[in-house]
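Residue numbers (my numbering): 1150 to 1566.
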């Protein structure tokens, strides 16, 4: 039920066409007016042939309201009979069975297609699947239409969950997430002069600009991403929103060209998922952080399989989640904490699992598309992609809900030299 509405519409249309064809074949109607030899004839009164309206219809043309459907003189056994005899098994049971079978077959085939991941991670000297996918998402505009400027999950309080997450504004939940992440990382929420902040994996720059406005014009916030289209869009929005202290660059987070000890704050929100080398990811972020600087990160994590080994189903589900949205792999909250501590330069490493606070985002994002289809309805070339994304959103929800996935939150401080 939580699949994208596109899937439901397609299944309905296909099933309806199969049912219509089944009825046409079974009852003997065709555009040419011919009846297949195997169609069982039925008894019809002579008065009906003569157009006697006492029985409600006179010709097949009138039944269907279409002159292209014509009546054939069917064999009949009695000219005085005024009854219309239709075989329930041939007129009703058979087409219904065919229609139901077609619908089930369509659903099964559709699920089989959706269960086959389509966007696995690839990284070569000339091509990176993460950059390509985010370029595409930015260009088609669908993600921005529904998710706004923030390509990350939202934050929902227990009270909001109690009354129903759909009552909360989906976009506001994302701003609330930023505020809560700032609180966790001890990031100033008031203008603070002279701060240099790095936003690793900035998307179209929603968080970068939000932090820039919060910290004031005397601070600088730089967002980096692999996607040129995201940088272009982020810069456009910064100009529209008069936020000149937000800057954007195409930059590989695993090979940053910044000198050591450059930033006062390093912020990373849902970018670790796409990193093929988690150790290098952590190492680079801590390298460019100044001594005494603050590090705060949010990222999707998988359960620590050292505690509870993955089952065959777990591995299958993880493989799908890796390969559908171009993730190389996930690691656990514990593994990330070990990487941070293993740098030898970080202290006060603290972690949390915000799965309860964020899990509503997955299905909420589907519902906003159901309630408002304008974001995709006029883009038929993106229908299949929307279906796949809706299906993956539901798969993500289920993985987080059953504990296979966790929402990792991290904060730490770089040691003073």
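Don't be surprised by glycine CBs; every beta carbon is placed ideally from N, CA and C. Remember, it's a predicted structure, so these values are computed and weren't measured experimentally.
Here DSSP, grouped into helix, strand and coil, assigns residue 1500 to strand.
Excluding residues up to 5 positions away in sequence, 1441, 1442, 1443, 1444, 1495, 1496 and 1497 lie with their Cβ nearer than 8 Å to the Cβ of residue 1562 in the same chain. Cβ neighbours of residue 1294 within its own chain (closer than 6 Å, five residues either side excluded): 1524. The continuous stretches of beta strand (DSSP E) do not include residue 1321, which lies in the alpha helix (DSSP H) extending over residues 1319-1333. Setting aside the 5 residues that flank it on each side, residue 1327 is surrounded in the same chain by 1356 and 1359, each with a C-beta closer than 7 Å to its C-beta; the list follows chain order.
Annotation note: the segment 1379-1431 contains the following uninterrupted beta strand (DSSP E) runs of length 3 or greater, listed N- to C-terminal: 1395-1399 and 1412-1418. Residue 1301 sits close to residue 1418, with the two beta carbons spaced by under 8 Å. A residue is called buried when at least 16 other Cβ atoms come within 10 angstroms of its Cβ; residue 1317 meets this threshold and is buried. In terms of Cα proximity to residue 1304, the closest of 1434, 1332 and 1392 is 1332. Cβ contact annotation for residue 1474 (same chain, cutoff 7 Å, sequence separation greater than five): 1268 and 1541, in chain order. With contacts defined as CB atoms closer than 8 Å, residue 1315 and residue 1516 qualify as a contacting pair. Annotation for residue 1361: 1370, 1392, 1394 and 1395 place their beta carbon closer than 6 Å to its own, counting only its chain and skipping 5 residues before and after. For residue 1282, the CB contacts under 8 Å within the same chain, skipping 5 residues up- and downstream, are 1268, 1474 and 1475 in chain order. The continuous stretches of beta strand (DSSP E) do not include residue 1491, which lies in the alpha helix (DSSP H) extending over residues 1482-1491. Assignment of residue 1556 by DSSP, reduced to helix, strand and coil, places it in the strand class.
In terms of Cβ geometry, residue 1344 and residue 1413 form a close pair [threshold 8 Å]. Cβ neighbours of residue 1406 within its own chain (closer than 8 Å, five residues either side excluded): 1400. Restricting attention to alpha helix (DSSP H) runs no shorter than 4 residues, the segment 1437-1485 encloses them at 1461-1473, ordered along the chain.
Excluding residues up to 5 positions away in sequence, 1317 lie with their Cβ nearer than 7 Å to the Cβ of residue 1309 in the same chain.
With a cutoff of 8 Å on beta-carbon distance, residue 1387 and residue 1354 are scored as near each other.
With contact defined as three or more Cβ pairs closer than 8 Å, the segment 1374-1390 and the segment 1272-1280 are in contact. Pairwise C-beta distances place the segment 1445-1457 in contact with the segment 1477-1490, as three or more of them are shorter than 8 Å.
Listed in chain order, the non-local C-beta contacts of residue 1511 below 6 Å within the same chain comprise 1542, 1545 and 1546, local neighbours out to five positions each way being set aside. In this structure, residue 1531 sits near residue 1289, with a CB-CB distance shorter than 8 Å. Here the alpha carbons of residue 1263 and residue 1536 stand approximately 8 Å from one another. DSSP places residue 1292 inside the alpha helix (DSSP H), whose first and last residues are 1291-1296.
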